[in-house]
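Chains as they are written, first to last, in my numbering: chain H, 378 to 769; chain Y, 378 to 769.
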């Protein structure tokens, strides 16, 4: 299509994505692709649109949740059961490079828009689908929610403290991991299309993606029989390498070798710990990790997190605050990397969204994003572009 | 290059990746690309190789951690400070499509292999870098560890229970999120190269990627001033939508509307809860979420998780076990989707690794993976291929 993308440059410049997806897994993938320069046209249900438009909190009635995930996209409302709207959809599909949807498997087929139909009609179209459980298997037709796949997929069994119940990862990693893998697959399919001339269908399941981010848990358990559990903030084999409590809160110390441990004990004013027979090597420190925590926190209790970070930084001992959101936004490194972007939203007002973490050397980044579109906001310009065109 | 990829088909068939990366962020990205059919040649430090080869647990002396992340790759050991090995590196770079590294920024420049040098010499080469803080900004030269960026990036402030200290996400999401974004960027750059004929450098920072997965936290906080906190397993606005305790453990109930809540109260044998003035609507249930948990757990205490899951499934109330790793591996959906793959490792023996979650419709999946390579295991075959070739 001839329309200018919302991000004016980028690796995916010239790519147009028809995005039928709602809420998070699909929209998160298309946000990443929009930030890479693709043009993303949200195709929404007339009247209500993307379900996340109803998610609070709101600013002047506009969902901040929706606004966070849908910058740099356009919107057209189409009822795909209506013949006129379906004709518009086909004209758009004929010109698009990618279609994204996150319906339950079978929904697109019921609309007459399944992969077989679309592939036959638009052989270059890449089709990216994300669902809870994917196109196959006994649970394929089940609805999934983020917390359901976090629970089924194992990550909750590893998150939290051993003496507390499992914790949910505090962001919707069930949806977002699926969105990330979907974006990888779509880009690989676009590359492949340059060789074969054909699109393909990518079938992403939220549950599969949870299994894919278990690091070594499956491999280690299957061979050793030791079931990995919850460790709070501790590292499975290195100590000290966790959160510790100071006078006014917790922060992280990551002293992964004897040299760094020695420096740490000096900063703490407890050089005796470095020669303590319980703590002489990493293996010993790991074996006596509770006693080590007690000794370290005894020393830390006298001063604030801020004081300790300054002192440890000065000696080169790796450490970090546990930033809350305001502190993340105030972080100088986050600012230097343009990871918080201001958006002038005509409804919500001035808002902030996360930036694009895929930095390309020598390619300027936009200093602002186009605000997340109102429902059907781009209908007239989109219709004007396709006026008189056929759907083949 | 002419060598056959380890995954014999896939969207990235024909792509060769020179992988200088170690431990997790880079190797996780190249694992994803290898599973998509790219040929990945690990370039390792002679003697020790990838640091993760020393990470336990071990099977017959081979790291299971390393084995989990490095299937479908080849290995050659090169000392890039040695002229002979450097010449081999250049012959490989001349033929590769992608180079991946996750050194601290500046390391490749010190080796004379910075982006400017490589781009001038190999203009088609895509260069993918992952580091803690990226090529720019005040922290660029700092070392980072997963727990450091999890702490700095805000996800820990959202994870865990409100009355406990923050929890680390129980997998290395700091590294793996960076690996996922790196893989997205590399594939987009490969696509872009088909248009421009030129490679580009992708500069991924672990911290940036943590900011990018905060969902709506930045947008919502910046507008409302409400600092998002830890919610255990609870949803910020929907109830009941969390983990609950039954007779023998916790499991998840996600009854997101009045209809599902009504069904839940019937299964619990507590239909009175549906008409209780505290619980009549989702907003009321959310306002009284502690009281709701007390009532639900009173009812759940009499029976096991297994009993309740059966009863709730029969009524169509969304619910899930909180699977530990053995239960993830035994899950019929995980099996049906080939998300646990057996590998016959000549050293470690029969092992299991996570499968590829990027499923392509109509493209057969390999039923096994090539085992993670021994250090320098593919030297002779790689040298035979490049014998007599120039590095231009």
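Glycine included, every Cβ here is placed at the ideal spot set by N, Cα and C.
Check                                                                                                                               : Outcome
Under the three-state DSSP convention, the category residue 694/Y falls into                                                        : coil
Continuous beta strand (DSSP E) assignments of at least 3 residues falling wholly in the region 593 to 642 of chain Y               : 618 to 623 and 626 to 631
Residue 537/Y, DSSP secondary structure in three states                                                                             : coil
Under the three-state DSSP convention, the category residue 721/Y falls into                                                        : strand
Straight-line gap, residue 379/Y to residue 478/H (C-alpha atoms, nearest Å)                                                        : Because residue 379/Y carries a pLDDT of 36, less than 50, the predicted location of this residue cannot be relied on, and the following value inherits that uncertainty. Approximately 37 Å between the Cα atoms of the pair.
Residue 516/Y: contacting residues in chain H (beta-carbon distance under 7 Å)                                                      : 710
Pair within 7 Å by beta-carbon distance, residue 395/Y and residue 414/Y                                                            : no
Where residue 568/Y falls: helix, strand or coil (DSSP)                                                                             : helix
Length of the line joining the Cα atoms of residue 696/Y and residue 620/Y                                                          : 9 Å
Of the listed residues 648/H, 690/H and 660/H, nearest to residue 672/H (C-alpha basis)                                             : 648/H
Beta-carbon spacing of residue 554/H, residue 586/H below 7 Å                                                                       : yes
Neighbour-count burial assignment, residue 700/Y, 16 or more Cβ in a 10 Å radius                                                    : buried
Environment of residue 425/H [buried if 16+ CB atoms lie within 10 Å]                                                               : exposed
Coarse secondary structure for residue 511/Y, derived from DSSP in three states                                                     : coil
Length of the line joining the Cα atoms of residue 381/H and residue 634/Y                                                          : Confidence at residue 381/H is low in this model, with a pLDDT of 39, below 50, so the placement of that residue is unreliable and no value is reported for it.
Proximity below 7 Å, CB of residue 450/Y to CB of residue 411/Y                                                                     : yes
Positions along the region 682 to 697 of chain H whose CB lies within less than 8 Å of some CB in chain B                           : Among the protein chains of the structure shown, namely H and Y, there is no chain B.
Cβ neighbour criterion (16 or more within 10 Å) applied to residue 650/H                                                            : buried
Any 3 or more C-beta pairs closer than 8 Å across the region 589 to 605 of chain Y and the region 723 to 733 of chain H             : yes
CA-to-CA distance, residue 543/H to residue 736/Y, given in whole angstroms                                                         : 30 Å
Residue 596/H at chain Y interface by Cβ criterion, 7 Å                                                                             : yes
Alpha-carbon spacing of residue 614/Y relative to residue 645/H, whole angstroms                                                    : 43 Å
According to DSSP, residues forming a beta bridge with residue 436/Y                                                                : 439/Y
Cβ contact check for the region 495 to 513 of chain H and the region 558 to 578 of chain H: 3 or more pairs under 8 Å               : yes
Straight-line Cα distance separating residue 538/H from residue 612/Y                                                               : 19 Å
Beta-carbon contacts of residue 590/Y that lie in its chain and below 6 Å, excluding the five residues immediately before and after : 554
For residue 426/H, the first and last residue of its enclosing beta strand (DSSP E)                                                 : No beta strand (DSSP E) holds residue 426/H; DSSP gives it neither H nor E.
Buried versus exposed call for residue 624/Y [16 or more other C-beta atoms within 10 Å across all chains shown]                    : exposed
Spatial distance of residue 405/Y from residue 447/Y (CA atoms)                                                                     : 8 Å
Inter-residue Cα distance where the pair is residue 763/Y and residue 468/Y                                                         : 7 Å
C-alpha distance - residue 761/Y paired with residue 608/H, whole-angstrom precision                                                : 47 Å
Proximal residues of chain H, C-beta to C-beta of residue 759/Y below 9 Å                                                           : Residues of chain H passing the Cβ test: none, with the nearest at roughly 24 Å.
Residue 747/H versus residue 436/H - alpha carbon distance                                                                          : 17 Å
Cα-Cα separation, residue 658/Y to residue 484/H                                                                                    : 29 Å
Stretch pair the region 711 to 721 of chain H + the region 509 to 518 of chain Y: three plus CB contacts closer than 8 Å            : yes
Residues in the region 726 to 751 of chain H having any Cβ partner in chain Y nearer than 8 Å                                       : 726, 728, 729, 730, 731, 732, 733, 734, 735, 736, 737, 738, 739 and 740
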